[in-house]
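Student: First the structure, which I've put down as structure tokens, then a few questions once you've had a look.
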Amino acid sequence: MNRDHIFRLLLLLMFMISASFGRLQAQFTLQAELRPRVEYRHGYKSLPPTDAQPGFQISQRTRLKAGYDIKGLKMGLSLQDVRLWGETPQLTSVSNRFMLHEAWAELALSEHSSLKMGRQELVYDDARLFGNGDWGQAARSHDLLLFKYERGFSLHIGAAYNQSSDLLFGSTYKMTNNYKTLQFGRLNGKIGVVNASFLFINNGMEYKYTENNTDKYKTVFSQTFGTHLKHEASRGKIYANAFYSVGKDASDRELSAYNLMLGGDLKLNKNFDTGIGYELLSGTSQREALNNPTYTNHSFSPLYGTTHKFNGFMDYFYSGNHLNSVGLHDIFASVTTRGKKSSLQLAMHIFAAANEVLKANSINETMDSYLGTEFDLTFTHKVNDITNLTAGYSQMFGSETLAKLNGGDTKELSNWFYVMISFKPIFLK
806 MNRDHIFRLL LLLMFMISAS FGRLQAQFTL QAELRPRVEY RHGYKSLPPT
856 DAQPGFQISQ RTRLKAGYDI KGLKMGLSLQ DVRLWGETPQ LTSVSNRFML
906 HEAWAELALS EHSSLKMGRQ ELVYDDARLF GNGDWGQAAR SHDLLLFKYE
956 RGFSLHIGAA YNQSSDLLFG STYKMTNNYK TLQFGRLNGK IGVVNASFLF
1006 INNGMEYKYT ENNTDKYKTV FSQTFGTHLK HEASRGKIYA NAFYSVGKDA
1056 SDRELSAYNL MLGGDLKLNK NFDTGIGYEL LSGTSQREAL NNPTYTNHSF
1106 SPLYGTTHKF NGFMDYFYSG NHLNSVGLHD IFASVTTRGK KSSLQLAMHI
1156 FAAANEVLKA NSINETMDSY LGTEFDLTFT HKVNDITNLT AGYSQMFGSE
1206 TLAKLNGGDT KELSNWFYVM ISFKPIFLK
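Positions 806 to 1234 (this note's numbering) are the ones given, in order, by the sequence shown.
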């Protein structure tokens, strides 16, 4: 069945269901999102090679979301098509970009507790470890079971177990860059004037190894735990993160890594905000990794967070890159001006490696830790109730150390520009 047939059947089904739900006094919602984004790239994610030509592309997310809410039961469905303009011929009967983003049901167990099951987004606190990655057109969601208890405080306990194919025997999981099993708990509540969250994650990754000339698999586990703290007042907020990871990494290597962040935002007046902060993600010394075969991995991973939100919008760090590397110091500051329908923000990040980077062809001589400075200029405008415009320009002034880590030429202009417009109509509410 092709995508057009699926959409027609889905729309017909939703309108039929909405009519029947009306008699049951249930609430049915239907909304959509159309989000094209044009990008000019000459240094996005990495410094450009010498004489490299800029990249230019238009991507688009088309999403249809339905919700159902009746006493004791909630359900959600989100279908989407993600594509680059031009990747599919004008005349075609096949496209594999149509996907299920969310499909879940939440059953009330009592007045204060519920059980949510199926494919769903996880977004907690500042989205450092669990986020929906909404900047990416495909975004992020999980197949899992989630227990929720809300009564003056919030307790969420989640569990997932993944398989990449329908097996009759065994349970080997061969999908890379995805967990095989996941368990987590998150407790949130107020401690005086502080909103405090405590998070524990047990992350199981499938590891492939060879024994007696035979490929074998086993699940290796890491544990990440820590806290997110936030205090908000009328003039601004202060926030902090502290997380620690132990156990084994995805390569079955000993893991000991940490993440610390402290920041604050201040309202200068009704039109101006400013912010400042510092984040440290621990890393592994290249010298130790080269000279010690049994080294411990000290590189912190932000796991399943919304990485685009942190460490600069150009995604040089932790957006599918800079993992199991030398870590990061990030000193950041921003100033924002707001109008009735528009805002303009200028943000700056100063980056440095958190551990040793070796010079080329050296086993002991290290480079300067400074990686570069990034500037992000972002403009937003609310066109109307369903339409929002976002535009941004970013530039990285990278160092030779950054070029050693990621490649590219520091003499080339490293910049990135985008314009994105989002339409979010609500058909039924």
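Ideal Cβ placement from N, Cα and C applies to all residues, glycine included.
Enumerated in chain order, which unbroken segments of the beta strand (DSSP E) with a length of 3 residues or greater are wholly contained in the stretch 932 to 1015?
Tutor: If we require 3 residues or more, the beta strand (DSSP E) runs fully inside the stretch 932 to 1015 come out as 947 to 955, 959 to 966, 986 to 996.
Student: How many angstroms separate the CA atom of residue 1201 from the CA atom of residue 1149?
Tutor: Approximately 19 Å, taken between the alpha carbons.
Student: Considering Cα atoms alone, identify which of 1198, 1214, 1199 is closest to residue 1205.
Tutor: Cα-wise, what sits closest to residue 1205 is 1214.
Student: Residue 905 bridges to which residues according to DSSP?
Tutor: The partner list for residue 905 (beta bridge, DSSP) reads 884.
Student: In this structure, how does DSSP classify residue 1095 when only helix, strand and coil are distinguished?
Tutor: Looking at residue 1095 - three-state DSSP - the assignment turns out to be helix.
Student: For the beta strand (DSSP E) that residue 1208 lies in, which residues bound it at each end?
Tutor: Not the beta strand (DSSP E): residue 1208 falls in the alpha helix (DSSP H), residues 1205 to 1211.
Student: When you compare each of 940, 1032, 874 to residue 910 by their alpha carbons, which one comes out closest?
Tutor: Measuring from the Cα of residue 910, the nearest candidate turns out to be 874.
Student: Can you tell me which of 1037, 1016, 1006 puts its alpha carbon nearest to the alpha carbon of residue 1030?
Tutor: The candidate whose alpha carbon is nearest that of residue 1030 is 1006.
Student: Could you check if residue 1112 is buried or exposed, using at least 16 other CB atoms within 10 Å of its CB as the buried criterion?
Tutor: Buried, by the Cβ-count rule.
Student: By how many angstroms is the C-alpha of residue 1219 removed from the C-alpha of residue 847?
Tutor: The straight-line gap from Cα to Cα measures roughly 6 Å.
Student: Is the CB-CB distance between residue 1194 and residue 1226 below 9 Å?
Tutor: Yes, the Cβ-Cβ distance between residue 1194 and residue 1226 is below 9 Å.
Student: In the structure shown, what three-state DSSP assignment does residue 1186 receive?
Tutor: If DSSP states are grouped into helix, strand and coil, residue 1186 belongs with the strands.
Student: Roughly how many whole angstroms lie between the Cα atoms of residue 981 and residue 1074?
Tutor: Looking at the two C-alpha atoms, the distance is approximately 48 Å.
Student: Report the three-state DSSP secondary structure of residue 806 (helix, strand or coil).
Tutor: The predicted model places residue 806 with a pLDDT of 45, which falls under 50 and marks its position as unreliable; any figure quoted below should be read in that light. Coil.
Student: From this set, 1207, 924, 1233, which residue's C-alpha is nearest residue 851's C-alpha?
Tutor: That would be 1207, whose Cα lies nearest to the Cα of residue 851.
Student: Count the other CB atoms, across all protein chains shown, that sit within 10 Å of the CB of residue 991; report buried if there are 16 or more and exposed otherwise.
Tutor: Residue 991 is buried by the Cβ-count criterion.
Student: Under the three-state reduction of DSSP, which class applies to residue 797: helix, strand or coil?
Tutor: Because the chain here runs from 806 to 1234, residue 797 falls outside it and cannot be looked at.
Student: Between residue 826 and residue 949, what straight-line distance do the alpha-carbon atoms span, to the nearest angstrom?
Tutor: With a pLDDT of only 49 at residue 826, under 50, the local geometry of the prediction cannot be trusted, and the value read off the model is given with reservation. Looking at the two C-alpha atoms, the distance is approximately 27 Å.
Student: My output table needs one value for residue 1101: the three-state DSSP class, helix, strand or coil.
Tutor: Residue 1101 falls in the coil class under three-state DSSP.
Student: Would a C-beta distance cut-off of 9 Å place residue 1059 and residue 1117 closer than the cut-off?
Tutor: In this structure, residue 1117 does not lie closer than 9 Å to residue 1059 by Cβ.
Student: Is it the case that the stretch 1088 to 1099 contacts the stretch 1049 to 1056, given that we only count it when at least three CB pairs across the two stretches are under 8 Å?
Tutor: Touching, no.
Student: Shorter than 9 Å from the beta carbon of residue 958 to some beta carbon of chain E?
Tutor: Going by chain labels, chain E is absent from the structure shown, which holds only one protein chain.
Student: So, at 6 Å on beta carbons, what are the nonlocal neighbours of residue 1161 in its own chain, with the 5 sequence-adjacent residues on each side left out?
Tutor: Within the same chain, residue 1161 has close Cβ partners 1090, 1091, 1092, 1171.
Student: What separation, rounded to the nearest whole angstrom, lies between the Cα atoms of residue 860 and residue 1203?
Tutor: Their Cα atoms are separated by approximately 19 Å.
Student: Spatial neighbours of residue 920 within its chain, please: C-beta separation below 8 Å, excluding the five flanking residues on both sides.
Tutor: If we look at residue 920 and ignore the five residues flanking it on each side, its Cβ neighbours are 911, 912, 914, 950, 951, 952, 953.
Student: Taking residue 905 as the reference, give the member of 918, 891, 926 with the closest Cα.
Tutor: Nearest option by C-alpha distance: 926.
Student: In this structure, what does DSSP give as the bridge partners for residue 1046?
Tutor: DSSP, once it has assigned bridges, lists 1033, 1066 as partnering residue 1046.
Student: One question on the structure: do residue 1106 and residue 1167 come within less than 9 Å of each other, judged by their Cβ atoms?
Tutor: No, they are not a contact pair.
Student: If you scan the stretch 1100 to 1159 from start to end, which runs of the beta strand (DSSP E) of 3 or more residues do you find wholly inside it?
Tutor: Qualifying beta strand (DSSP E) stretches, in chain order: 1133 to 1143, 1147 to 1157.
Student: Looking only at its chain, what residues have a beta carbon closer than 8 Å to the beta carbon of residue 1087, apart from the 5 residues adjacent to it on each side?
Tutor: Closer than 8 Å at Cβ, skipping near neighbours: 1062, 1063, 1064, 1103, 1104, 1105, 1132, 1159, 1160.
Student: Rounded to whole angstroms, what is the Cα-Cα separation between residue 1142 and residue 1083?
Tutor: Distance between the alpha carbons of residue 1142 and residue 1083: 22 Å.
Student: Roughly how many whole angstroms lie between the Cα atoms of residue 930 and residue 1003?
Tutor: Cα to Cα, residue 930 sits roughly 10 Å from residue 1003.
Student: Can you grab the Cα-Cα spacing for the pair residue 1234 / residue 924, in whole Å?
Tutor: In a straight line, the C-alpha of residue 1234 is about 23 Å away from that of residue 924.
Student: Within 10 angstroms of the Cβ of residue 806, are there 16 or more other Cβ atoms? Answer buried if so, exposed if not.
Tutor: Residue placement at residue 806 is poorly supported in this model, since its pLDDT is 45, which falls under 50; the coordinates are not used for a value here.
Student: Exposed or buried, which one is residue 895 when buried takes at least 16 other CB atoms within 10 Å?
Tutor: The residue is exposed, with fewer than 16 neighbouring Cβ atoms inside 10 Å.
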